[in-house]
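No gaps in the numbering here: position 364 of the sequence shown is 364 in full-length UniProt numbering, and each next residue is one more. Just so you know, even glycine gets a beta-carbon here, dropped at the ideal spot from N, CA and C. Structure first, then comments.
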Amino acid sequence: MGVKREKIKVFGMTCTSCQSRVERAVTKLTGVKNAMASFNTQSLTVEYDTNLCNLEKIRTAINVAGYSTKDGSHSKIAGIFIIVAAIILIGNSSSGLDMTSKLNGATYFVLFIVGVLTSIHCVGMCGGIMLSQSITKDSKSKFDSVRPALLYNAGRVLSYTIIGGIVGALGSVLSLSITAKAGLQIFAGMFMIIMGLNMSGFSLFRRLNFKLPWSTCSIKKKTKAPFLIGVLNGLMPCGPLQTMQLYALGTGSAFSGAMSMLLFSLGTVPLMLTFGALSGLITKGYTKTLLRFSGILVVVLGIVMGTRGLTLAGINVPSTNTLTASLSGNKMATSSSKANKPVIENGVQIIRMTADDNGYTPNGQYVQKNMPVKWIIDGKALNSCNGQIVIPSLNIQKNLQAGDNIIEFTPKDNDIGFSCGMGMIRGVIKVVDNINAVDTSKPDPSVPTPSSGMPCCK
Numbered sequence: 001m002g003v004k005r006e007k008i009k010v011f012g013m014t015c016t017s018c019q020s021r022v023e024r025a026v027t028k029l030t031g032v033k034n035a036m037a038s039f040n041t042q043s044l045t046v047e048y049d050t051n052l053c054n055l056e057k058i059r060t061a062i063n064v065a066g067y068s069t070k071d072g073s074h075s076k077i078a079g080i081f082i083i084v085a086a087i088i089l090i091g092n093s094s095s096g097l098d099m100t101s102k103l104n105g106a107t108y109f110v111l112f113i114v115g116v117l118t119s120i121h122c123v124g125m126c127g128g129i130m131l132s133q134s135i136t137k138d139s140k141s142k143f144d145s146v147r148p149a150l151l152y153n154a155g156r157v158l159s160y161t162i163i164g165g166i167v168g169a170l171g172s173v174l175s176l177s178i179t180a181k182a183g184l185q186i187f188a189g190m191f192m193i194i195m196g197l198n199m200s201g202f203s204l205f206r207r208l209n210f211k212l213p214w215s216t217c218s219i220k221k222k223t224k225a226p227f228l229i230g231v232l233n234g235l236m237p238c239g240p241l242q243t244m245q246l247y248a249l250g251t252g253s254a255f256s257g258a259m260s261m262l263l264f265s266l267g268t269v270p271l272m273l274t275f276g277a278l279s280g281l282i283t284k285g286y287t288k289t290l291l292r293f294s295g296i297l298v299v300v301l302g303i304v305m306g307t308r309g310l311t312l313a314g315i316n317v318p319s320t321n322t323l324t325a326s327l328s329g330n331k332m333a334t335s336s337s338k339a340n341k342p343v344i345e346n347g348v349q350i351i352r353m354t355a356d357d358n359g360y361t362p363n364g365q366y367v368q369k370n371m372p373v374k375w376i377i378d379g380k381a382l383n384s385c386n387g388q389i390v391i392p393s394l395n396i397q398k399n400l401q402a403g404d405n406i407i408e409f410t411p412k413d414n415d416i417g418f419s420c421g422m423g424m425i426r427g428v429i430k431v432v433d434n435i436n437a438v439d440t441s442k443p444d445p446s447v448p449t450p451s452s453g454m455p456c457c458k
């Protein structure tokens, strides 16, 4: 019958590296002349000899590789409803708890969990590389047989951490202004949301699948040095890895970037180490389920990162529990903070705030417009979170010192939002026409919920 050309829909590809995996699986079949997969269009164009191969064999090869030729849109829609319901339930049960600040504090832990779940993807993409470095012909002891895998993963963790530090430092260099810093974090958040949706199997943003400059690197030559191969693994074109690298870039700090990538990489280690023993137990369906869940966590991290960027841009973003309360109609969940009034001395409004492990206290203040303000910030316990205060509307980025830090300004008509350098700890100075008419006995819903002692701030 000759050579036939077919185009087959392929579902489950989460990044451009999946294209190569699908192509390799199909081209191994006898009779297949050419195969070209496309992540953007979720398809495979294949040419094959009908005397030696058929569509059933091709579809089977795709399924064995961990992908599907059937659409799972219904399960995706159900998943969306489950996620929305879970967010509403969490918001209701949290009462006065600020879910945003708690999530910010748990960022490193979430990154570790993302690493654990993403390790499924690592096994699929890089498992062959690891196995090629882990096989030993003459193992004199159990340690000798495990050592190559240990070296490979040690090199990988080191590489991820160093790259995280480098891109984090690059983010710090790029952050020459509040606007640049805000734009960088917003871009990083958008990138993570897009990548997370792609990882979860949603096709809405497939054509916007960005690549980082170093993602074109590949490893073609095998070597007997597992540690070196592990180090070079950090340059592999992997979607989840690129997402975490951009997250590190958005931190704007070499230390935070390195820590983010370190925790993420450590999360991938357990499964990679036990890959040989578990490879026969992990089903393809289970793999895709975990990868999709990992993508959802990446979306959450992207929302957090984007929210920080909006805060740095001077945009007041409602806290998570406020949003969930609005969705569910639970007014009790929208608990807010009280704002303090200034002390007026010699025609100057004096407001005081403390920077410590609990963030900024109080994080809400009232001032009267067109009257000079002297803002005294007591640097009681400074750390990487609260050590820099950013006031977008005043174009101020101030590194706090131990003791009193003074900021002077004259408020106009608009409220003055402020945050830490990463946009995690927030507050607001409310500008009113008449300070004497303000009632501070009741909470002000426009004041962000105060931080309650975030682990990253200690």
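In this structure, how does DSSP classify Gly66 when only helix, strand and coil are distinguished? In the structure shown, Gly66 sits in coil (DSSP, three-state: anything other than H, G, I, E or B).
Quick check on the DSSP output: the alpha helix (DSSP H) that includes Ser260 runs from which residue to which? Ala254 to Leu273
Ala149 by DSSP, collapsed to three states: which one? helix
From which residue to which residue does the alpha helix (DSSP H) around Cys18 run? Ser17 to Thr27 is the extent of the alpha helix (DSSP H) around Cys18.
Out of curiosity, what's the CA-to-CA distance linking Asp433 and Arg308? 30 Å
Backbone secondary structure at Phe112 - three-state DSSP: helix
Straight-line Cα distance separating Gly155 from Ala65: 27 Å
Excluding the five sequence neighbours on either side, which residues of its own chain have a C-beta within less than 6 Å of the C-beta of Thr16, listed in chain order? Phe39
Give the range of the beta strand (DSSP E) segment to which Ile351 is assigned. Val348 to Asp356
Out of curiosity, what's the CA-to-CA distance linking Val299 and Arg21? Distance from the CA atom of Val299 to the CA atom of Arg21, rounded to whole angstroms, is 25 Å.
Expected contact under 8 Å - CB spacing of Tyr48 and Val114 to nearest Å: Actually they do not touch by this definition, with Cβ atoms about 39 Å apart.
Any idea what DSSP makes of Phe409, helix, strand or coil? strand
Rounded C-alpha distance that separates Ile303 from Ala254: Cα to Cα, the separation comes out at about 22 Å.
Where does the unbroken beta strand (DSSP E) through Ile229 begin, and where does it stop? No beta strand (DSSP E) contains Ile229, which is instead part of the alpha helix (DSSP H) from Pro226 to Leu232.
Which of helix, strand or coil DSSP assigns to Asn383: coil
Taking three-plus beta-carbon pairs below 8 Å as touching, is the stretch 420-432 in contact with the stretch 393-412? yes
Once you ignore the five residues that flank Phe409 on each side, which residues in its own chain have a CB closer than 7 Å to its CB? Val373 and Leu394
Roughly how many angstroms lie between the CA atoms of Asp444 and Leu310, to the nearest whole one? 21 Å
Using a Cβ-Cβ cutoff of less than 7 Å, which residues in the same chain neighbour Pro392 once the five nearest sequence positions on both sides are dropped? Ile178, Leu312, Ala313, Gly314 and Gly417
Span of the beta strand (DSSP E) holding Cys420? Ile416 to Cys420
Where does the unbroken beta strand (DSSP E) through Ile389 begin, and where does it stop? In the DSSP annotation of this structure, the continuous segment of the beta strand (DSSP E) that includes Ile389 starts and ends at Gln388 to Ile391.
Candidates Leu150, Leu52 and Tyr67: which alpha carbon is nearest Asn227's? It should be pointed out that residue 227 corresponds to Phe in this sequence rather than to Asn. The shortest C-alpha separation from Phe227 is found at Leu150.
Would you please state the rounded distance, in angstroms, between the beta carbons of Gly427 and Gly364? I believe it to be under 8 Å. 6 Å
Is the Cβ-Cβ distance between Val231 and Leu158 less than 9 Å? yes
If you measure between the beta carbons of Ser260 and Gly168, is that distance less than 9 Å? The answer is yes: Cβ separation under 9 Å.
Whole-angstrom distance between Ser172 and Asp413, CA atom to CA atom: Roughly 32 Å between the two C-alpha positions.
Short Cβ contact (9 Å threshold) for Pro411 with Asn370: In this structure, Pro411 places its C-beta atom within 9 Å of the C-beta atom of Asn370.
Whole-number beta carbon distance between Thr45 and Lys7, since they are thought to touch under 8 Å: 5 Å
Bridge partners - Phe11, DSSP secondary structure assignment: Under DSSP, Phe11 takes part in a beta bridge, and its partners are Ser68.
Measure the C-alpha to C-alpha separation of Leu262 and Tyr160 and round it to an integer number of angstroms. Roughly 7 Å separates the two Cα atoms.
Under three-state DSSP, which class holds Ala369? Correcting the residue type first, residue 369 is Lys in the shown sequence and not Ala. Three-state result, Lys369: coil.
Sort out for me which residues DSSP pairs Glu6 with in a bridge. BP columns for Glu6 point to Val46.
Looking at Leu249 and Leu184, is the spacing between their C-beta atoms short of 9 Å? yes
Taking the CB atoms as reference points, tell me whether Asn405 and Ile377 lie closer together than 9 Å. Remark: C-beta atoms of Asn405 and Ile377 approach each other more closely than 9 Å.
Put Ser159 into one of helix, strand or coil per three-state DSSP. helix
Evaluate Ser441 with the Cβ neighbour count: other Cβ atoms within 10 Å of its Cβ, from every protein chain shown; 16 or more gives buried, anything less gives exposed. exposed
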